[in-house]
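Residues 356 to 726 in the numbering used here are what the sequence shown spells out, letter by letter. A quick write-up on the structure given underneath.
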Amino acid sequence: MTDRATELRGEGRDIISLSVGEPDFVTPPHVVAAAKAALDAGQTRYTPVGGTSALKRAAALHFARDLGIAATVERITASAGGKQSIFHALLATLDPGDEVLIPAPWWVSYPEIVRFAGAEVVPLATTAADGYRITAARLAAAITPRTRWLLLNSPGNPTGAVYCAALLRELGEVLAAHPQVMVLSDDIYAPLRYTPGIHATLAVECPGLAERILTVSGVSKSHAMTGFRIGVACGPAWLIRAMERLQSHSSGNPCSISQAAAVAAFEGPQDFLAHWRERFRARRDTVVAAINAIPGLSCPVPEGAFYCLVDAAPLMARFGHDEALALHLLEHGVAVVAASAFGGEAGFRISFAADEAVLDEALQRIARALK
Ligand SMILES: Cc1ncc(COP(=O)(O)O)c(C=O)c1O
């Protein structure tokens, strides 16, 4: 959709893109300054494959402060983005015939990586009515002897759904009975969460499973550093070593300059985040209210990240497929992503990582398009 929007813009059409997956805020100045200082200090050479010890210590601080996970540096590795950590973890562990459970709608790269590793995707469908969260019963019913991983993403992309501590403990009880199943907990959006209190994550709620959980995080979303390409992961030392071995033969160490910037991101002031969260929360409330006022559209209130997954099932009789609906909205000047792109159906994702005035205009266009 982003490409098609760019094309239409090239033809002179006025298109608002609500399809991007990155914050529209500027990278904090202390992070940019740290990158410049690293360059000036000549930090331009290879580093240890899984990141400098400074970055691993800074990531340990992040995991403890923001997720409540106490981890030594042997349990931490850094890569060129959360995506690469997920890629290496799955590639290092999956064999053909293995099954991977993925709650749907999902982040687009999960199924592609699983298939690339030769394993099978087992979707666990969720709906707006269940808050886009799986239940313990649903999980229990899907596990087979071939299940190797469960991929959990909270707050979720594209749904914004957040798993609370109680639900994670229920899932943990099911997982306890199936020692062959690892869990990849993708918490990259945790600092952008609108629920009170500390973020709930499986490694903390179910310490008995800690040797089977890989928690993935990073700076891309929380610090508007998508271009720096730094991700971090925390899990059992054997898996961290396997991921680093693979990384040593693929990309090698993550960019040395970006690593220095990520240290500043994790260790520096975090107060800008409260301001960003408030901006995002206000935009979210605007989007949810406007969407729910349009006949045929509805969306639950996302509790994290900067996406709303809109349910448009009542409009499918008119449009046939959600891609047709997304194209219709594009013709009316708004680019969104059809839910089917995320393994969902009959809806679309709005990213509210856009300026307030732009969002207002986009919402008016959507309302007009569906009148
Ligand atoms: C759910 C989720 N996980 C991981 C990532 C990867 O982020 P990055 O590789 O930029 O750190 C993204 C980016 O869109 C995401 O949405």
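Even glycine gets a Cβ: it sits at the ideal position worked out from N, Cα and C.
Those residues whose C-beta sits under 6 Å from the nearest heavy atom of ligand 1 are, from N- to C-terminal order along the chain, GLY376, GLY436, GLY437, LYS438, TRP462, ASN508, ASN512, ASP541, ILE543, GLY573, SER575, THR581, GLY586. Assignment of beta-bridge partners to ALA459 by DSSP yields ALA480.
For MET537, the enclosing beta strand (DSSP E) stretches over residues 537–541. Counting along the chain, THR502 sits inside the beta strand (DSSP E) bounded by residues 502–508.
A residue is called buried once 16 or more other Cβ atoms fall within 10 Å of its Cβ, and THR432 is buried on that count. Here PRO451 has GLY473, ALA474 as same chain residues with Cβ atoms under 8 Å from its own Cβ, once five neighbours each way along the sequence are excluded. Contact between the stretch 476–484 and the stretch 389–399 is not established, with fewer than three Cβ pairs separated by less than 8 Å. DSSP places ARG400 outside both helix and strand once states are collapsed to three, so it counts as coil. Only residues of its own chain outside the window of five on either side were considered, and among them ALA667, PRO669, LEU670, LEU725 have a CB closer than 7 Å to the CB of GLY651, listed in chain order. Counting other Cβ atoms within 10 Å of its Cβ, PRO624 stays below 16 and is therefore classed as exposed.
For GLY586, DSSP records a beta bridge to SER434, GLY573. Contact holds between the stretch 639–659 and the stretch 480–487, because three or more Cβ pairs, one in each stretch, are under 8 Å apart. When the Cα atoms are used, GLN602 and GLY437 turn out to be separated by approximately 13 Å. Rounded to whole angstroms, the separation of the alpha carbons of SER605 and GLN398 is 21 Å. Here ALA472 carries a coil assignment [DSSP, helix/strand/coil]. For LEU557 against GLY527, the beta-carbon gap comes to about 6 Å, under 8 Å, which counts as contact. Scanning its chain for C-beta atoms nearer than 8 Å, with the 5 sequence neighbours on each side dropped, one finds around ILE371 the residues GLY688, VAL689, ALA690, ALA709, VAL713, GLU716, ALA717, ARG720, in chain order.
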